[in-house]
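These notes concern the structure reproduced below.
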Amino acid sequence: MMRALKSALAGVAMLGFAASAQAQNEQFIPMAGYWVGPYAAGGSGIYGGFIDYLDMVNARDGGVGGVKLTYEKCETEYNNARGVECYERLKKKGPTGASVFHPLSTGITYSLIDKATADKIPIISMGYGRTDASDGRYFPYIFPLVTNYWSQNTAKIKFIGQREGGMDKLKGKKIVNIYHDSAYGKETIPVLDAQAKKYGFAVTHIAVPHPGNEQGSQWLQIRQIRPDWVILRGWGVMNPTALKAAAKVGFPRDKMIGVWWSGAEEDTIPAGDAAKGYIAAGFNVAGENYPVVQDIKKHVYAKGKGEMEDKSRIGSIYYNRGVVHGIITVEAIRKAQEKYGKKPLTPEQVRWGIENLNIDEARLKALGATGFMQALKVSCLDHEGGGAVKFQQWDGTKWKVITDWIQPDRELVRPMIEQSAAAYGKEKNIAPRDCSKES
Amino acid sequence: MAFFFEVLIGGLLSGVMYSLVALGFVLIYKASGVFNFAQGAMVFFAAMAFVVLLQDHGVNFWIAFALALGMMILLGLATEKFVLRPLVNQPQITLFMATIGLTFFIEGLAQLLGGANVRGLDIGIQDEPIAAIANATGINVSRFDLAAAGVAAVLVTSLALFFSRTRIGRALRAVADDHQAALAVGIPLHQIWGIVWAVAGFVALVAGMLWGARNGVQFALTFVALKALPVLILGGFESIPGAILGGLIIGAAEKLAEVYLGPFVGGGIEGWFPYVLALLFLLVRPEGLFGEKHIDRV
Numbered sequence: 017m018m019r020a021l022k023s024a025l026a027g028v029a030m031l032g033f034a035a036s037a038q039a040q041n042e043q044f045i046p047m048a049g050y051w052v053g054p055y056a057a058g059g060s061g062i063y064g065g066f067i068d069y070l071d072m073v074n075a076r077d078g079g080v081g082g083v084k085l086t087y088e089k090c091e092t093e094y095n096n097a098r099g100v101e102c103y104e105r106l107k108k109k110g111p112t113g114a115s116v117f118h119p120l121s122t123g124i125t126y127s128l129i130d131k132a133t134a135d136k137i138p139i140i141s142m143g144y145g146r147t148d149a150s151d152g153r154y155f156p157y158i159f160p161l162v163t164n165y166w167s168q169n170t171a172k173i174k175f176i177g178q179r180e181g182g183m184d185k186l187k188g189k190k191i192v193n194i195y196h197d198s199a200y201g202k203e204t205i206p207v208l209d210a211q212a213k214k215y216g217f218a219v220t221h222i223a224v225p226h227p228g229n230e231q232g233s234q235w236l237q238i239r240q241i242r243p244d245w246v247i248l249r250g251w252g253v254m255n256p257t258a259l260k261a262a263a264k265v266g267f268p269r270d271k272m273i274g275v276w277w278s279g280a281e282e283d284t285i286p287a288g289d290a291a292k293g294y295i296a297a298g299f300n301v302a303g304e305n306y307p308v309v310q311d312i313k314k315h316v317y318a319k320g321k322g323e324m325e326d327k328s329r330i331g332s333i334y335y336n337r338g339v340v341h342g343i344i345t346v347e348a349i350r351k352a353q354e355k356y357g358k359k360p361l362t363p364e365q366v367r368w369g370i371e372n373l374n375i376d377e378a379r380l381k382a383l384g385a386t387g388f389m390q391a392l393k394v395s396c397l398d399h400e401g402g403g404a405v406k407f408q409q410w411d412g413t414k415w416k417v418i419t420d421w422i423q424p425d426r427e428l429v430r431p432m433i434e435q436s437a438a439a440y441g442k443e444k445n446i447a448p449r450d451c452s453k454e455s
Numbered sequence: 007m008a009f010f011f012e013v014l015i016g017g018l019l020s021g022v023m024y025s026l027v028a029l030g031f032v033l034i035y036k037a038s039g040v041f042n043f044a045q046g047a048m049v050f051f052a053a054m055a056f057v058v059l060l061q062d063h064g065v066n067f068w069i070a071f072a073l074a075l076g077m078m079i080l081l082g083l084a085t086e087k088f089v090l091r092p093l094v095n096q097p098q099i100t101l102f103m104a105t106i107g108l109t110f111f112i113e114g115l116a117q118l119l120g121g122a123n124v125r126g127l128d129i130g131i132q133d134e135p136i137a138a139i140a141n142a143t144g145i146n147v148s149r150f151d152l153a154a155a156g157v158a159a160v161l162v163t164s165l166a167l168f169f170s171r172t173r174i175g176r177a178l179r180a181v182a183d184d185h186q187a188a189l190a191v192g193i194p195l196h197q198i199w200g201i202v203w204a205v206a207g208f209v210a211l212v213a214g215m216l217w218g219a220r221n222g223v224q225f226a227l228t229f230v231a232l233k234a235l236p237v238l239i240l241g242g243f244e245s246i247p248g249a250i251l252g253g254l255i256i257g258a259a260e261k262l263a264e265v266y267l268g269p270f271v272g273g274g275i276e277g278w279f280p281y282v283l284a285l286l287f288l289l290v291r292p293e294g295l296f297g298e299k300h301i302d303r304v
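Same order as they appear, the protein sequences are chains A and B. When you number the first sequence by the working numbering, it's gap-free, plus one each residue, and the end is 455. When you number the second sequence by the working numbering, it's gap-free, plus one each residue, and the end is 304.
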């Protein structure tokens, strides 16, 4: 009897040890996003794709290098204070702490720059956040990856130039920049002014107060200005409202170019016919016929799992953007494992992985993401890594890609980034890193 | 000059849309003296209920309207029974706080019902300029805005008649004046509150459908309540015609200010300008244009 009891106790202890060992072989990724509130359509789509990708990697490959990816959700409601609270709550979770933090909000990113730098936790602000953080010498822990706002804006002007028949044809043209009256909305004003000076077009900036559900007066002003092109820099309800208001004053939608936060199905479907012909920039494309999305369907949804309650959103712009978040996060961990070994990594080690990311076309093909996202090469100097965008046009039912990747005007953008980052460094008393000594 | 009139007309018609939301506030305030913080959430819930029935369950437009109205009536009755009834004779600030709690509950319920996605809503009226007016005057007047103005006119007339010419209407006014006194003379307080919350639900449904058709049915519909607040301050919390007139003044003033003053101060002023206007108005006439003047014995 005693022997049986001892055996049973030993068995329980072994099981406990095994479970603990398994828990130790995990890489924790916080999921601080928004599934409720005014911006839930964006948050639920992006985090849906992100989580599905991690689940797919766990199911298909058994994690990264045998290390299982784990995550925990935290609701920020796109609110800065709650975003910081989520960061504080999740930063020490998992065997090695938070690998990397994705705030999914420019405001939250700004709130976390000092904290994350002090905690040595990398922040990925993909397609948003502080543009001058692209200069990694002053922002070692902040990564506005893939393309920042200034890059995409110069690509937009290039696209307009192409449509007009050459950059020299921009001289004398009128462009209106209608923007969300917030830090996010104002971010591109300096670069647009610099481009207006360079190419000789006139730019008028028109602010729309939050939330942007009423834009009658702004569009009457636009009608009076009679611009050749309108750049839409909206978010949430501001986007369909702008499209409807444009229709109301008779401004052609195929002369409206949106930023990627104004270019999802959630922006066009509510506008109905008013959205037809509208063009938006994007650093990922829509569609589910990519092997990476098919793998998610096969390894996650076919097994009755998956984040998206509404399956029709799989392959949408926001969902696919979440998959891009997943790909980049996983590839950064994979890269870091090459240097530090196949084990749970510290945030500092993952930071190294992000800074040395090199996702080339061959790797994109292996990931099943050719054409889905652009190739990416990050470095100590360049925390953006890509910079290009594709343009997509809404045909009334879906987004259709109408260009190849259009590169930014790096000659214009990079000096502006370096100047702004140096000013930040001076203000914060940060000595720039010597990138030649980084390995 | 045509541009000035276009801005003015556009502003007046936008103001009507604000009035539609303000009407819901007025109804509740008239009957209970409570500022219903949950009105914006009710607009969102009503529109979401309608669109879920219409799009997810393939229900006919008018049946979906009737069912959504039924849901709003049930919500109103439940609010009366579970939120207001236990708080009879409590200070008004307590009732106000209760409606703040109600806001979060209704917002959550709407998202539970319809999810986080933004939904388009087509009610068959295009938000485009009427060609005949545009050709004759050069001024763009939206078909949709005119239809909304028509709907608001019908609503205001019916509600004004309801309050002034019916027994229930008079009882509503008595209840608003003094809960205890109304109960003492035999007015069924709970029934009156139930009715008024149900009518406010109907107004929320109409406002939700119109705003939803314009901007999509999404959480941001709750923000339209922010547009109604200066309208209420200006028009008076207890006056249905005041809600309309306040809406017209706020709508026209914010658009004219944005177009003619905005460029001098960096633009984007129509978010706060109505509040400044309302604040200035408060200093001169605290009860609003049509609000009841309270004279308290001291």
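Think of the CB as a built atom: it goes at the ideal place given N, C-alpha and C, for glycine as much as any other residue. A quick note: this is a predicted structure, and the numbers were derived from the prediction, not measured.
Assuming residue i and residue j are in contact, meaning their beta carbons sit under 8 angstroms apart, how far apart are those beta carbons, in whole angstroms?
i: B:THR109; j: B:ALA47; result: 5 angstroms
i: A:GLU180; j: A:LYS189; result: 7 angstroms
i: A:ASN41; j: A:VAL83; result: 6 angstroms
i: A:MET47; j: A:GLU88; result: 6 angstroms
State buried or exposed for residue i, treating a residue as buried only when at least 16 other CB atoms are found within 10 Å of its CB.
i: B:VAL290; result: exposed
i: A:MET17; result: Because the pLDDT at A:MET17 is just 47, under 50, the model does not fix this residue reliably, and the point stays unresolved.
i: A:TRP245; result: buried
i: A:MET142; result: buried
i: A:ALA34; result: Bear in mind that the predicted position of A:ALA34 carries a pLDDT of just 49, short of 50, making it too unreliable to give a figure here.
i: A:LEU31; result: Per-residue confidence for A:LEU31 stands at a pLDDT of 48, beneath the threshold of 50, marking its modelled position as unreliable; the derived number appears in the next sentence. The residue in question, A:LEU31, is exposed, as its Cβ has fewer than 16 Cβ neighbours within 10 Å.
i: B:MET7; result: exposed
i: B:LEU118; result: exposed
i: B:TRP203; result: buried
i: B:TYR266; result: exposed
i: A:ALA151; result: Here residue 151 of chain A turns out to be Asp, not Ala, going by the sequence shown. Label assigned to A:ASP151: buried.
i: A:GLU203; result: buried
i: A:HIS226; result: buried
i: A:HIS399; result: buried
i: A:ILE176; result: buried
i: B:PHE10; result: exposed
i: A:ILE137; result: buried
Who are the near neighbours of residue i in its chain, counting only those whose CB is closer than 7 angstroms to its CB and skipping five residues on each side?
i: A:ASN96; result: GLY123, ILE124 and SER127
i: A:GLY401; result: LEU161, VAL162, LEU373, LEU392, LYS393 and VAL394
i: B:TRP199; result: ALA37, SER38, GLU86 and LEU90
i: A:GLY384; result: TYR306, PRO307, VAL308 and ASP311
i: B:MET126; result: The residue asked about is misnamed: residue 126 of chain B is Gly in this sequence, not Met. Counting only Cβ-Cβ distances below 7 angstroms, and skipping sequence neighbours, we find GLY222.
i: B:ALA44; result: THR105, LEU108, THR109 and ILE112
In the DSSP assignment, what residue or residues form a beta bridge with residue i?
i: B:ARG125; result: B:VAL223
i: A:MET47; result: A:LYS89
i: A:GLN409; result: A:ILE295 and A:LYS416
Using CA coordinates, which residue listed in the options is at the minimum distance from residue i?
i: B:ASP133; options: A:GLY201, A:TYR154 and A:GLY232; result: A:GLY232
i: B:PHE102; options: B:LEU165, B:ALA213, B:THR85 and B:GLY126; result: B:THR85
i: A:LYS416; options: A:GLN408, A:THR284 and A:HIS221; result: A:GLN408
i: B:ARG149; options: B:GLY130, B:ALA263 and B:GLY107; result: B:GLY130
i: A:THR169; options: A:ALA56, A:CYS90, A:ASP425 and A:LYS185; result: Correcting the residue identity first, residue 169 of chain A is Asn in this sequence and not Thr. Per the Cα distances, A:ASP425.
i: B:VAL57; options: B:LEU211, B:GLY272, B:PRO269 and B:LEU161; result: B:LEU211
i: A:GLY322; options: A:TYR63, A:TYR50 and A:PRO54; result: A:TYR63
i: A:ASP326; options: B:GLN197, B:LEU189, B:ASN123 and B:PRO92; result: B:ASN123
i: B:PRO97; options: B:ASN141, B:ALA52 and B:VAL40; result: B:VAL40
i: B:GLY30; options: B:LEU288, B:LYS261, B:LYS233 and B:ARG171; result: B:LYS233
i: A:ASP283; options: A:PRO54, A:PHE44, A:ASP130 and A:ILE45; result: A:PRO54
Can you list, in chain order, the residues of its chain whose CB lies under 6 angstroms from that of residue i, leaving out five sequence neighbours each side?
i: B:TRP217; result: LEU227 and VAL230
i: A:ILE238; result: VAL192
i: B:ILE136; result: VAL147 and ARG149
i: A:SER167; result: GLY403, PRO424 and VAL429
Take residue i and list the residues in its own chain whose beta-carbon comes closer than 8 angstroms to its own, dropping the five residues that flank it on each side.
i: B:PHE296; result: GLY241, GLY242, GLU244, SER245, PRO247, GLY248 and LEU251
i: A:GLU304; result: GLN310, LYS313, ILE330 and GLY331
Along chain C, which residues have their Cβ under 7 angstroms away from the Cβ of residue i?
i: A:GLY53; result: Here chain C cannot be found, since the structure's protein chains are A and B.
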